Amino acid sequence: MSTAEGFPELDVEGYVHHLGQRLRGPGRARRDVLQEVRDGLDDASDAHAVQGADRREAERLAVAEFGALDRIARELQRELAVRQARWTAAWSALALVLLWLLWDLVWASRPDLGGAPPVVGGLSRLTDVLGLSTAAACLAGLGLLQFRSSLLGRPERIASVVGRLTLCGVGAATTTSLVMTVVNLRDTAAVLTSAPLNGAVACFTLAGVGALVVSGRRCVRAAELGGPAPAGRPTP
Amino acid sequence: MDAEALRGHLESLVLAVLEDEPRHGYAVIEAVRERSAGALALNTGSVYPALRRLERDGFVRGSWSLVDGRRRRTYRLTGAGEAELAESRQRWRRFTSVVGGVLGGQGATG
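The listed protein sequences correspond, in order, to chains C and L. Our numbering runs 187 ahead of the 1-based position in the first sequence. Our numbering runs 132 ahead of the 1-based position in the second sequence.
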């Protein structure tokens, strides 16, 4: 089987380009990985050139020695998935705790409002529990990835769990919040319009939830790409 | 010696050549080749993911620096990496002692 499977005549730029298309993860970490691979291939090409190969042949030899694109991409992707998961877990934990504190302050700013249906109290507590338990689970995932990753045979699994946890936790907390808003629309409108800061918190919440959903989806995707090769497609 | 024979030992070899001085990826490959007098030819593409795994585990620390006028990601051993290397050496000595005892016994009588 050709080393650069499906791309037998790639030069260094071509190999790095195709590798880059297969890698997903935080932008800076991904750029670092690709630059390091490019440096390594340039070094190997230089070594072949010193031994007499012309530049094109030197690059082709360096790429051939480097290894199958699929296998190298999966190994590097696994590390990028861990990076993405650390990022997602840290921001999820921070944002969910911050939102919990901010909304407590927002509602505390209007102690005069007290006509909400009884179900609102239950929904409020449920939203708090969902948000804070998701934050705690993300912190636990972050701890595992940060301090015990050497014990994890397949760290991309933890990355996948962190991504799915973020999506489910944020989705569930957002749903209960929206139901609470609809059930208690009059008080919610009164709170949000009573001070500019309260409206700003609502905008921050929308932006934060959107960012967490995007980060969670990236985490799941990065973990999937770093998993084992699909059955029937052995990598050389 | 092919890549298959090195399976399971790649990380230890990388740690060993980083013990003397910080190196970038290709310098790690060259150092292994030189120390083994050319007998160990690492699969070059496997070294970079291995360095990242070691960095994730806290055994090496990577940073960008200028090497021979070019910006390179170089890796240095951490305290945890030194401990892991010592442990790897102990495991290797036990392994060669046990396997050598079996193989050497037959050779001695043959």
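Heads up, the beta-carbon is just placed ideally off N, CA and C, and yes, glycines get one too. Note that this is a predicted model, so its numbers are computed, not measured.
Considering only their Cβ atoms, is the gap separating residue j from residue i smaller than 9 Å?
| i | j | result |
| --- | --- | --- |
| C/V357 | C/G403 | yes |
| L/E151 | L/L209 | yes |
| L/L174 | L/L147 | no |
| L/R188 | L/W196 | no |
| C/G425 | C/V250 | Here chain C comprises residues numbered 188 to 423, so residue 425 of chain C is not present and cannot be evaluated. |
| C/T363 | C/L317 | yes |
| C/L135 | C/L319 | Beyond the ends of chain C as shown, which are 188 and 423, falls residue 135 of chain C; an answer cannot be given. |
| C/E266 | L/R155 | no |
| C/V378 | C/V293 | yes |
Could you tell me whether any Cβ in chain D is nearer than 9 Å to the Cβ of residue i?
| i | result |
| --- | --- |
| L/R204 | Structure shown: chain D not included; protein chains present are C and L. |
Measuring only the C-alpha atoms, how far is residue i from residue j?
| i | j | result |
| --- | --- | --- |
| C/Q264 | C/A231 | 22 Å |
| C/L428 | C/H205 | This structure leaves residue 428 of chain C out entirely; chain C is present only between 188 and 423. |
| L/R193 | L/L235 | 39 Å |
| L/V231 | L/W224 | 10 Å |
| L/L183 | C/D226 | 14 Å |
| C/L412 | C/L210 | 8 Å |
| C/A394 | C/R273 | 20 Å |
| C/G330 | C/A324 | 10 Å |
| L/A240 | C/I345 | Note that L/A240 scores 48 on pLDDT, short of 50, meaning its location in the model is unreliable; the coordinates nonetheless yield the value given after this. Between L/A240 and C/I345, the C-alpha separation is close to 50 Å. |
| C/S189 | C/D257 | For C/S189, the predicted model reports a pLDDT of 43, less than 50, meaning its position is unreliable and no value from the coordinates is stated. |
| C/W287 | C/T375 | 16 Å |
| C/V269 | C/A409 | 9 Å |
| C/R247 | L/T228 | 38 Å |
| L/E166 | L/G157 | 14 Å |
| C/N371 | C/S279 | 27 Å |
| C/A382 | C/T392 | 16 Å |
| C/L313 | C/A360 | 8 Å |
| L/A215 | C/A236 | 39 Å |
| L/R221 | L/E143 | 12 Å |
| C/V429 | C/Q238 | What the structure shows of chain C is the stretch from 188 to 423, and residue 429 of chain C is not part of that stretch, so it cannot be assessed. |
| C/L221 | C/R242 | 21 Å |
| C/V366 | L/A159 | 60 Å |
| C/R351 | C/A327 | 14 Å |
| C/A276 | L/G213 | 26 Å |
| C/G386 | C/C355 | 26 Å |
Would you decide whether residue i is buried or exposed? Buried here means 16 or more other CB atoms lie within 10 Å of its CB.
| i | result |
| --- | --- |
| L/H141 | exposed |
| L/R226 | exposed |
| C/T380 | exposed |
| L/P181 | buried |
| C/Q271 | buried |
| C/R373 | exposed |
| C/C406 | buried |
| C/F253 | buried |
| C/P342 | buried |
| C/R215 | exposed |
| C/L310 | buried |
| C/A334 | The sequence as given places Phe at residue 334 of chain C; Ala does not occur at that position. Exposed, because fewer than 16 other Cβ atoms sit within 10 Å of the Cβ of C/F334. |
| C/E196 | exposed |
| L/E153 | exposed |
| L/R99 | Look at the range of chain L in this structure, 133 to 242, and you will see that residue 99 of chain L is not part of it. |
Assuming residue i is part of the beta strand (DSSP E), what are its boundary residues?
| i | result |
| --- | --- |
| L/L198 | V192 to V199 |
| L/R202 | R202 to L209 |
Could you spell out the range, first to last residue, of the alpha helix (DSSP H) harbouring residue i?
| i | result |
| --- | --- |
| C/Q238 | Careful: C/Q238 lies outside any alpha helix (DSSP H) and carries neither H nor E. |
| C/A245 | R242 to F253 |
| C/L267 | L256 to A295 |
| C/P304 | No alpha helix (DSSP H) holds C/P304; DSSP gives it neither H nor E. |
| C/L384 | P383 to L412 |
| C/L365 | P342 to V370 |
| L/H141 | Premise fails: L/H141 is in no alpha helix (DSSP H) and is neither H nor E. |
| L/S168 | No alpha helix (DSSP H) holds L/S168; DSSP gives it neither H nor E. |
| C/R211 | Per DSSP, C/R211 belongs to no alpha helix (DSSP H) and is neither H nor E. |
**Item:** Positions along the region 178-189 of chain L whose CB lies within less than 7 Å of some CB in chain C
**Value:** S178, Y180, P181, R184, R185, R188 and D189
**Request:** With 9 Å as the limit, tell me which residues of the region 155-171 of chain L have their beta carbon closer than that to any beta carbon of chain C; keep them in chain order.
**Result:** H156, G157, Y158, A159, I161 and E162
**Interfacial residues, the region 247-265 of chain C to chain L, with Cβ spacing under 7 Å** = E252, F253, G254, I259, E262 and L263
**Asked** Relative to chain L, which residues along the region 220-233 of chain C have a C-beta separation below 7 Å, given in chain order?
**Response** E223, V224, D226, G227, D230 and A231
**Prompt:** According to a CB-to-CB cut-off of less than 7 Å, which residues of the region 377-403 of chain C neighbour chain L?
**Reply:** none
**Request:** Please name the residues in the region 355-369 of chain C whose beta-carbon is closer than 8 Å to at least one beta-carbon of chain L, in chain order.
**Result:** none
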